[in-house]
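Engineer:
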Ligand SMILES: C[S@@+](CC[C@H](N)C(=O)[O-])C[C@H]1O[C@@H](n2cnc3c(N)ncnc32)[C@H](O)[C@@H]1O
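Numbering (our numbering), first residue to last: 291 to 408.
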């Protein structure tokens with residue numbers, strides 16, 4: 291974990307593992323709002339196209355938050371693999387697991403809160 295205590299406006303996402311549920315709910319709402327925004331949808335689509343993951347059996351999404359990108363990948367018709375999505379915040383991955391697509395979400399990975407599709 292990068293120490294950001296000396297930074298005037300530290301990245302709130304770097305402290306997501308130690309925040310209270312009310313703040314985390316705001317974070318969930320914000321991440322999901324981004325995930326529905328046309329600009330972000332287009333950006334994520336272009337990003338996933340550039341990564342060319344369609345033939346990959348398994349993809350790891352590190353720092354997935356609520357899994358906006360992981361779920362976008364899982365929904366793509368040209369992607370038949372599975373996505374393992376990990377975040378330092380168990381709260382954020384738990385929120386993501388409640389959202390579609392919900393097929394075969396795993397509750398944990400090896401060492402961090404995680405979710406998985408496929
Ligand atoms: C800006 S958010 C992006 C979330 C997601 N990738 C998205 O695009 O919606 C950054 C995420 O990284 C996570 N994060 C920060 N530090 C981390 C670490 N050391 N290990 C794993 N996840 C971390 C935060 O909890 C947060 O969910």
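Quick reminder that beta carbons are idealized off the backbone N, C-alpha and C, glycines included.
Note that the structure is a prediction, hence the values are computed from the model and not measured.
(1) Would you check if the segment 366-385 and the segment 297-313 touch, i.e. whether three or more CB-CB distances between them fall below 8 Å?
(2) Among the residues of its own chain, which have a CB less than 8 Å from the CB of residue 311, if the five just before and after it don't count?
(3) Going by beta-carbon coordinates alone, are residue 371 and residue 390 separated by less than 8 Å?
(4) Report the three-state DSSP secondary structure of residue 375 (helix, strand or coil).
(5) Where in the segment 293-376 do unbroken runs of the alpha helix (DSSP H), each at least 4 residues long, occur, reported from the N-terminal end onward?
Structural biologist: Judging by the given coordinates:
(1) Counting Cβ pairs under 8 Å, three or more are found: they touch.
(2) Here the set comprises 381.
(3) In this structure, the beta-carbon distance from residue 371 to residue 390 does not fall below 8 Å.
(4) Correct three-state label for residue 375: strand.
(5) Segments of the alpha helix (DSSP H) lying fully in the segment 293-376: 311-326, 328-341, 358-365.
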